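Note that our numbering has the sequence shown beginning at 3, numbered continuously upward.
Built from N, CA and C at the ideal position, the CB exists for glycine as well.
Just so we're clear, the structure is a prediction, and the values are computed from it rather than from any experiment.
Input: a single structure, listed below in structure tokens.
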Amino acid sequence: MSGTPPVLAVVGTPGDRRVTMFAGACARYGLPAPRVIPWTSVLRGEEIALEPGTLVRIDSPGEDAETDTLLRGPGEPSRVGGGARWHAAFTAGTERILRAVEHTPGAALLGDVGEIAVMFDKRLCHARLSAAGVPVPPALPGPVEGYRSLRERMDRAGWGRVFVKPAHGSSASGVIALHAAGSRVMAVTSAELSPGGLHNSLRVRRYEDEADLAVIVDRLAGDGLHVERWFPKAGMDGLTFDLRVVVVDGRPTHAVVRASRAPMTNLHLGGARGDLGAVRERLGEPGWERALDACARAAACFPGSPAVGVDLMIGIDWRSVAVAEVNAFGDLLPGLTGFPGSGAEGLDTYDAQVRAVLTRRTAAPEAAVHPLAVPVPGVDEASGVRGAGMPDVNEAAGAGR
């Protein structure tokens, strides 16, 4: 790279792994350490002063207790809920960052705050993906006000198995994998029901008492719910799995297999990293390319976001695919380098993003004052629109997501 190196700043939590790993990537490319703007300062309404020409990266608030209090209000950090308040406070904070950038000559955001807000609302994100023809599981329309509303809507849709997701949740907090038939229910979730309320547990729990389940759903419903039909996932070695695929500047670069005996595959809930090479071999190159194409198409729905993490499910037929989530901050994959053929071999997710910033800056200097963006491709008419490649899911077709 020639010329003056860019001035970088990152909005995050000082000392958080995300911040230190991004700073490490900057150092490996010979860039000065990015200035850290604490989320606590942003959320308190303190002045955000930037140097002219600063490129600003917005990163996750992380798990800082003080930041969580500013976002959700006071309370036990492990509690489930408060997502609507979190989302409102978070988006207000990103708007403050945007205004500071707009009032600083030559400064630019490395990301679009409106897109981040959509990715943190599962209802809006699903609707955007569906409208673009990205394969996603079908979802119940309209608001789900509580347990009674959930069961009535499931009955009308003819769905016996669903995933109930808090609209603004993350890390599987409050997510419920539900199988229901009449008054018989079996629900799996990391939410622990206690006299003090709902709390996140580091292990998944099973509920078969409908009264308990109704309490859980009713408490979650106040923050908004998104309900999807269960998508039965492929498995290997007795474990079902999905993929977290990081897409940088429109190109899938990193992927990790998340495998578990439970419906939730999140690594912090006991999921394990699986063998990506084995999954790729089982899919075959056409299947692998089909999976990557779905991830690229999902990322293209957010053209102002330089990197996203796409959670991709492979169907039990090993042909169908469906996007479960698109994560604004889905790049925290320590020790993982780009998969073969990605163009990011030997680079971690942060290296790949810094390289993309510098590549855009070198190729077109004016691009440094705009978010990294990729064009939104048209819908592939051969594969159809919403739910492309998805079969009619058989409710009895084995374990899945």
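- Excluding the 5 residues flanking it on each side, residue 255 has same chain C-beta neighbours closer than 8 Å at 248, 249, 340, 341, 344, 345, 346, 349, 351 and 354, in chain order.
- Nearest to residue 268 by C-alpha distance, out of 290, 29 and 204, is 204.
- Residue pairing by DSSP puts residue 209 in a beta bridge opposite 189.
- At the C-beta level, residue 209 and residue 227 stay beyond 9 Å of one another.
- Using a Cβ distance threshold of 9 Å, residue 114 and residue 304 count as a contacting pair.
- Rounded to whole angstroms, the gap between the alpha carbons of residue 7 and residue 323 is 41 Å.
- Under DSSP, residue 268 shares a beta bridge with no residue.
- Secondary structure within the segment 213–276: the beta strand (DSSP E) runs of 3 or more consecutive residues, fully enclosed, are 227–231, 241–250 and 253–262 (chain order).
- Burial check for residue 246: the Cβ neighbour count within 10 Å reaches 16 or more, so the residue is buried.
- Nearest to residue 261 by alpha-carbon distance, out of 186, 293, 95 and 239, is 239.
- In the structure shown, the three-state DSSP call for residue 146 is coil.
- The C-alpha of residue 179 is placed about 16 Å away from the C-alpha of residue 148.
- Beta-bridge analysis with DSSP links residue 12 to 38 and 59.
- In the three-state scheme derived from DSSP, where H, G and I count as helix and E and B as strand, residue 120 is classed as helix.
- Straight-line spacing of the CA atoms in residue 106 and residue 17 works out to 26 Å.
- Note that the segment 213–226 does not touch the segment 294–312; fewer than 3 beta-carbon pairs, one per stretch, sit closer than 8 Å.
- Shortest Cα-Cα distance from residue 189 to any of 201, 160, 197 and 219 involves 219.
- Shown here, residue 99 sits in a helix according to DSSP, grouped into three states.
- Distance from the CA of residue 318 to the CA of residue 49, rounded to the nearest whole angstrom, comes to 52 Å.
- The continuous stretches of alpha helix (DSSP H) do not include residue 136, and DSSP gives it neither H nor E.
- Sixteen is the threshold: when 16 or more other Cβ atoms of the shown chains lie within 10 Å of the Cβ of residue 327, as they do, the residue is buried.
- Listed as beta-bridge partners of residue 199 by DSSP are 196.
- With contacts defined by Cβ atoms closer than 9 Å, residue 59 and residue 10 form a contacting pair.
- The three-state secondary structure of residue 279, taken from DSSP, is helix.
- By the Cβ neighbour-count rule, residue 125 is buried, with 16 or more other Cβ atoms within 10 Å of its own.
- Relative to the Cα of residue 40, the nearest Cα in the group 288, 82 and 14 belongs to 14.
- Of the residues 112, 166, 142 and 163, the one whose Cα lies closest to the Cα of residue 155 is 142.
- Contact between residue 139 and residue 233 holds: their C-beta atoms lie close to 5 Å from each other, under 8 Å.
- Rounded to the nearest whole angstrom, the C-alpha separation of residue 221 and residue 93 is 23 Å.
- DSSP places residue 335 in the coil class of the three-state scheme, outside both helix and strand.
- Secondary structure of residue 327 (DSSP, three-state): strand.
- Per DSSP, the unbroken alpha helix (DSSP H) holding residue 20 starts and ends at 19–30.
- 312 is the residue among 312, 236, 152 and 321 whose C-alpha sits nearest the C-alpha of residue 257.
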